[in-house]
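**Student:**
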Amino acid sequence: MSLAYPQIAREIVDRIEATQEEPIRAAADVFADAIAAGGLVHLFGAGHSRMGVEEIFPRIGSIVGYHPIVELSLSYYTNVVGTMGLAQALFLERQDGFGELLLSQYTFGPHDAAMVISSTGINNVPVEVALGLKSRGLPVVALTSVAHSSGVDSRHPSGKHLYEVADVVVDNCTPPGDAAVHVEGCDYPVGPTSTIGTVVAAHSINALLAEGLVARGVKPVVLGSPHFSDETSARKNLAEYYAAHRERTRGV
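With full-length UniProt numbering applied, the sequence shown closes on residue 252, and no number is skipped along the way.
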């Protein structure tokens, strides 16, 4: 009997390739315009969607121009119980006003853009962050599960889901409920899929972003792998990467 999870993962990747090229290209164009103009692409994700932010930047192969916004109170819950536990993170993500409070801590520029990652796309904070970024004039890309989000009510007071707020919607093509392997004897499925779908979509955007920057006459500053024997080149690349990010994010 073949392994169940790899087959499900392949199906998700195939769906992204077959159905998401247009929004992925649109997102890459938005980001290339922003970075080429000297702006930033702000990234936000709460809960496990934080992993999508970390995969995009900073990461081997990642491009300077991204600015991650990760709030630990919404994403550092591996204690599960007690201090910084899962209950607190789940509670906070459903609180009105918290997303706007987070945004108030940053300065956004006239050429900036943003991507909000939330597979469910229904909780108060990610929807509020997307609305807040749009109200500040930023084009917003959503990376979400349309199948899940469209099948449940939004928790935001507006009643809107993330995919209804964003200017560009990239579907991670994962099923409602995220986990997808059904095991007899288990009350709920195992094998969550949203991280795979999110990462495939995000890195597809990033590859096209690199092409778009080159086409606009801007050489991307990319983090190469520091895990080779050529330490001199690695140190030079890291210094360039750090300096470019520091310069671009000055004043944020």
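Every residue, glycine too, gets a C-beta built ideally from N, C-alpha and C.
#1: To the nearest angstrom, how far is the alpha carbon of G97 from that of D230?
#2: If we count the other Cβ atoms within 10 Å of its Cβ and call it buried at 16 or more, is L3 buried or exposed?
#3: Whole angstroms are fine: how far does the CA of R155 sit from the CA of A239?
#4: For F108 and A114, what's the separation of their Cα atoms in angstroms?
#5: Please give the ranges of any beta strand (DSSP E) in the stretch 40–114, keeping only runs that are unbroken, at least 3 residues long and fully inside the region.
#6: Closest to V141 by C-alpha separation, out of S135, I122, V170, would be which residue?
#7: In chain order, what residues of the same chain have a beta carbon less than 7 Å from the beta carbon of R248, not counting five sequence neighbours either side?
#8: Please classify D112: is it buried, with 16 or more other beta-carbons within 10 angstroms of its beta-carbon, or exposed?
#9: Which same chain residues, not among the five before or five after R216, have their C-beta less than 7 Å away from its C-beta?
#10: Counting beta carbon pairs with one atom in the stretch 83–91 and one in the stretch 15–23, are three or more of them shorter than 8 Å?
#11: Considering only residues of the stretch 128–201, which uninterrupted alpha helix (DSSP H) runs meet the minimum length of 4 residues and lie entirely inside it, listed in chain order?
#12: Give the DSSP bridge partners of I117, in chain order.
#13: Quick check: the stretch 116–126 against the stretch 156–163, are there 3 or more CB pairs under 8 Å?
#14: Please report the distance separating the alpha-carbon of S62 from that of E54.
#15: Within the same chain, show all residues whose beta-carbon is closer than 6 Å to that of A234, passing over the 5 residues directly before and after it, in chain order.
#16: Go ahead and label Y188 buried or exposed: buried means 16 or more other beta carbons lie within 10 angstroms of its beta carbon, across all protein chains shown.
#17: Please classify R250 as buried or exposed, where buried requires at least 16 other C-beta atoms within 10 Å of its C-beta.
#18: Comparing C-alpha positions only, which one of S194, Y242, F91, R25 sits nearest to E211?
#19: Which of helix, strand or coil does DSSP assign to V13?
#20: Ignore the nearest five residues each way along the sequence and tell me which others in N237's own chain have a CB closer than 6 Å to its CB.
#21: Using a threshold of 9 Å, state whether the C-beta atoms of V13 and G177 are closer than that.
#22: Considering only DSSP beta bridges, list what V222 is partnered with.
#23: Does DSSP put S204 in a helix, in a strand, or in coil?
#24: Taking its Cβ as the centre, do 16 or more other Cβ atoms sit within 10 Å of L101, making it buried, or is it exposed?
#25: Skipping 5 residues on each side, what residues in its chain have a beta carbon closer than 6 Å to that of V70?
#26: Throw me the rounded Cβ distance for the T195 and H48 pair, which I believe falls under 8 Å.
**Tutor:** Answer, in terms of the structure:
#1: Start at 1 with the first residue of the sequence shown, and residue 97 comes out as number 97. Start at 1 with the first residue of the sequence shown, and residue 230 comes out as number 230. Approximately 49 Å, taken between the alpha carbons.
#2: As a working note, residue 3 is residue 3 in the sequence shown. With fewer than 16 other Cβ atoms within 10 Å, it is exposed.
#3: Taking the first residue of the sequence shown as 1, we reach residue 239 at position 239. Taking the first residue of the sequence shown as 1, we reach residue 155 at position 155. Approximately 44 Å, taken between the alpha carbons.
#4: Here residue 108 refers to the residue found at position 108 when the sequence shown is read from its first residue. Here residue 114 refers to the residue found at position 114 when the sequence shown is read from its first residue. Rounded to whole angstroms, F108 to A114 spans 10 Å at the Cα level.
#5: 41–45, 66–69
#6: Against the sequence shown, residue 141 aligns to sequence position 141. Of S135, I122, V170, the residue nearest in Cα terms is V170.
#7: Translated into the one-based positions of the sequence shown, residue 248 becomes position 248. Only L40, V64, G65 meet the Cβ criterion.
#8: What you label residue 112 is simply residue 112 of the sequence shown in a count that begins at 1. Buried is the call here.
#9: Working through the sequence shown from its first residue, we reach residue 216 at position 216. Excluding sequence neighbours, R216 sits near A32, A36.
#10: no
#11: 146–149, 162–165
#12: Position 117 of the sequence shown, counted from the first residue, corresponds to residue 117. According to DSSP, which records beta bridges pairwise, I117 is partnered with G45, L143.
#13: yes
#14: What you label residue 62 is simply residue 62 of the sequence shown in a count that begins at 1. What you label residue 54 is simply residue 54 of the sequence shown in a count that begins at 1. Distance between the alpha carbons of S62 and E54: 10 Å.
#15: Translated into the one-based positions of the sequence shown, residue 234 becomes position 234. P226.
#16: Against the sequence shown, residue 188 aligns to sequence position 188. Its Cβ having fewer than 16 others within 10 Å, Y188 is exposed.
#17: Taking the first residue of the sequence shown as 1, we reach residue 250 at position 250. Its Cβ having fewer than 16 others within 10 Å, R250 is exposed.
#18: By one-based count along the sequence shown, residue 211 stands at place 211. It is R25.
#19: Translated into the one-based positions of the sequence shown, residue 13 becomes position 13. Helix at V13.
#20: Counted from its first residue, the sequence shown places residue 237 at position 237. Closer than 6 Å at Cβ, skipping near neighbours: G224.
#21: Numbered from its first residue, the sequence shown carries residue 13 at position 13. Numbered from its first residue, the sequence shown carries residue 177 at position 177. Not in contact: V13 and G177 (Cβ atoms no closer than 9 Å).
#22: Residue mapping note: residue 222 aligns to position 222 of the sequence shown, counting from 1. DSSP, once it has assigned bridges, lists I63 as partnering V222.
#23: Numbered from its first residue, the sequence shown carries residue 204 at position 204. DSSP places S204 in helix when its eight states are reduced to three.
#24: One-based indexing of the sequence shown puts residue 101 at position 101. L101 comes out exposed.
#25: Residue mapping note: residue 70 aligns to position 70 of the sequence shown, counting from 1. Counting only Cβ-Cβ distances below 6 Å, and skipping sequence neighbours, we find R50, V53.
#26: Sequence index remark: in the sequence shown, residue 195 carries index 195 (1-based). Sequence index remark: in the sequence shown, residue 48 carries index 48 (1-based). Confirmed, Cβ separation roughly 7 Å.
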